[in-house]
Amino acid sequence: MKNRNGKIIVKILNIIILIITFIVLFYVIKVYNKNNFNDFVRNIEKAGITEFVRDNEIKYTDTSSYKIYSKDYNDAMFSKTIKVDKNTPYRLTCKVKTKNVVSEIDKKGIGAQISIVGSTERSVAIQGTTDEWKEIALIFNSKNREEVEIGFRLGGNDGNARGEVWFTDFRLESGIADNSTEWKFACFIFESIDVNVENKNVNLSITNSDKRDINQTIIRFQDACKELTNNKMTAKCDIYEIPEPITSLSYDEQFGYYVGPEDVESQIKDIINSNDYDHIFVVVRLGDEKHNSDIEVNDWIGLGYMDYYGIGFSNIRLPNSSTSYTYKYDVRINTFPEEVFLHEFLHSLERTLNEYNYNIPALHDYEKYGYKTENLEGLKKWYVDYMNCNIQALNQKVGLDSIVYTLKPAKSSNFKYSYIIKEFKEPENIIEYIRQLCKNITRNIKIIKGEG
Ligand SMILES: [Zn+2]
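My numbering numbers the first residue of the sequence shown as 2 and each following residue consecutively.
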């Protein structure tokens with residue numbers, strides 16, 4: 002009898018131990034799943050105010066989403082370094098949902114976004130609260146890089162943000178670069194500006210004569226690209242007259258006020274998204290005879306070296322004086338009115354070759370090589386030699402390598418026949434799950450040992 006009771010107690014104990022083991026295991030798995038960021042590394046600017054969790058409740062598919070919650074303003078992200086082939090377009094998309102995302106300063110580039118760490122390349126940034134899951138995309142060209150670190154981020158290069166964001170459903174594709182030498186330009190002529198600068202409201206419109214001059218100059222620019230490069234490239238310019246005024250300007254200590262990509266994003270995004278442009282010009286008037294000193298512009302008529310989501314972006318400023326011949330062809334005064342357009346476009350080509358680590362002269366270094374601004378045609382000779390790699394240096398010719406005419410920005414049409422890369426795939430079955438688990442454990446051991 003005694004022996005039988007003992008056996009029952011042992012059995013009950015075994016069952017209790019088994020149940021406890023299951024409960025502990027259940028909680029361990031739950032905690033593991035909640036904190037499992039797989040191959041992602043978590044990064045924060047300020048400690049103690051951001052939480053990273055996997056969310057099994059708010060999710061787009063069966064897989065838990067990746068959540069960042071910043072109680073106060075911070076720049077927080079989880080990131081992963083991936084290998085890329087050089088000079089290849091990539092598109093990374095994901096689904097995103099936000100709740101009360103607020104940026105610390107009023108800049109559109111701050112919020113929930115995908116970005117490449119250490120660069121300005123990014124997707125759109127989402128602020129506020131989204132009712133539905135939204136898809137965002139980071140389109141970039143790897144250029145000279147063999148790896149890039151991709152971050153899913155709440156914050157941004159321009160400043161910090163707070164709020165909640167969920168990321169999920171990552172998808173990476175590589176596309177096929179368009180290496181043709183046919184360039185497509187979007188030229189936006191803004192009919193007016195209505196901005197507040199230094200507590201003053203400035204309201205300006207362009208005239209019909211401005212429009213006429215710019216239209217003719219753009220046609221001249223189109224021809225100049227072909228002729229001055231000896232057919233190394235062609236340009237096709239689409240002109241859009243935009244009636245909605247520009248309502249904000251960007252500021253730079255060196256240049257004063259200018260039109261940054263985010264100042265016109267709402268007016269140009271639909272046109273850019275539905276076409277495949279390789280370069281963007283924004284034509285604007287920032288002053289006239291009466292308003293001469295209202296908007297501080299430090300001695301620039303064109304401004305370049307900028308990009309709108311990877312596409313070259315330049316400002317073309319109409320001169321304040323209505324008697325200026327900057328954009329007017331006149332056989333006795335100015336035979337090269339397309340100079341500002343060409344100059345700013347060349348800044349984008351210069352930037353591209355710099356990013357591909359080519360050793361080229363700076364566009365502004367014409368004096369070093371013995372060129373000077375001439376009557377009627379300005380720096381035309383310099384540009385011709387620059388574009389044809391025909392500038393005489395010590396014992397060789399220098400200038401733009403002609404490969405630059407084939408190096409256009411990545412865009413949606415590059416992904417017509419895309420290839421899906423499994424880099425961001427979540428474990429889909431028990432084997433993949435266990436494999437990922439082993440990887441995570443090995444990595445954590447390495448981190449603890451100080452090797453990671
Ligand atoms: Zn310049």
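Just so you know, even glycine gets a beta-carbon here, dropped at the ideal spot from N, CA and C.
- A distance criterion of 7 angstroms places the beta-carbon of H280 beyond contact range of ligand 1, judged by its closest non-hydrogen atom.
- Distance from the CA atom of T130 to the CA atom of K96, rounded to whole angstroms, is 14 angstroms.
- The DSSP assignment places complete alpha helix (DSSP H) segments of no fewer than 4 residues inside the region 342 to 413 at 381 to 388, in order along the chain.
- At least 8 angstroms separates the beta-carbon of S349 from that of G400.
- Spanning the alpha carbons of F191 and L139 requires a straight line of approximately 27 angstroms.
- Counting along the chain, the unbroken alpha helix (DSSP H) around Q223 starts and ends at 209 to 229.
- Remark: the shortest separation between the CB of G257 and any heavy atom of ligand 1 does not fall under 7 angstroms.
- For I273, the enclosing alpha helix (DSSP H) starts and ends at 262 to 274.
- Bridge partners of S116 according to DSSP: R123, G152.
- The count of Cβ pairs closer than 8 angstroms, one atom from the region 338 to 349 and one from the region 270 to 283, reaches three, so the stretches are in contact.
- Counting of Cβ neighbours within 10 angstroms places T324 among the exposed residues, the total staying below 16.
- Spatial neighbours of M307 in its own chain (CB-CB distance under 6 angstroms, excluding positions within 5 residues in sequence) are listed in chain order as F314.
- Judged by beta-carbon spacing, N75 lies beyond the 8 angstroms limit of E356, meaning their Cβ atoms are not closer than that value.
- Taking 7 angstroms as the cut-off, the C-beta of G305 counts as close to a heavy atom of ligand 1.
- In the structure shown, V332 falls within a coil segment according to DSSP collapsed to helix, strand and coil.
- Judged by the Cβ position, L343 fails to qualify as a neighbour of ligand 1 at the 7 angstroms threshold, every heavy atom of the ligand being at least this far.
- Residues of the same chain with a CB within less than 8 angstroms of the CB of Y258, apart from the 5 flanking positions on each side, are V198, L250, S251, Y252, L287, I296, E297, V298 in chain order.
- Counting along the chain, the unbroken beta strand (DSSP E) around F191 starts and ends at 183 to 191.
- Secondary structure remark: continuous beta strand (DSSP E) runs of at least 3 residues inside the region 268 to 326, in chain order: 280 to 286, 303 to 309, 312 to 319.
- Relative to ligand 1, the beta carbon of L364 is positioned inside 7 angstroms of a heavy atom.
- Remark: the shortest separation between the CB of H348 and any heavy atom of ligand 1 falls under 7 angstroms.
- Looking only at R213, I240, T248, the smallest Cα-Cα distance to K201 is reached by T248.
- Each residue's CA atom was taken as its position, placing V265 and Y241 some 13 angstroms apart.
- Less than 8 angstroms divides the Cβ of Y328 from the Cβ of T218.
- Rounded to whole angstroms, S71 and F141 show a C-alpha spacing of 28 angstroms.
- In the three-state reduction of the DSSP assignment, V11 falls in the helix class, which pools H, G and I.
- Excluding its 5 nearest sequence neighbours in each direction, N57 has C-beta neighbours in its own chain below 6 angstroms: S65, listed in chain order.
- Only buried fits G156, as 16 or more other CB atoms lie within 10 angstroms of its CB.
- Fully contained in the region 56 to 138 are the following beta strand (DSSP E) runs of length 3 or more, in chain order: 66 to 75, 77 to 84, 90 to 104, 112 to 117.
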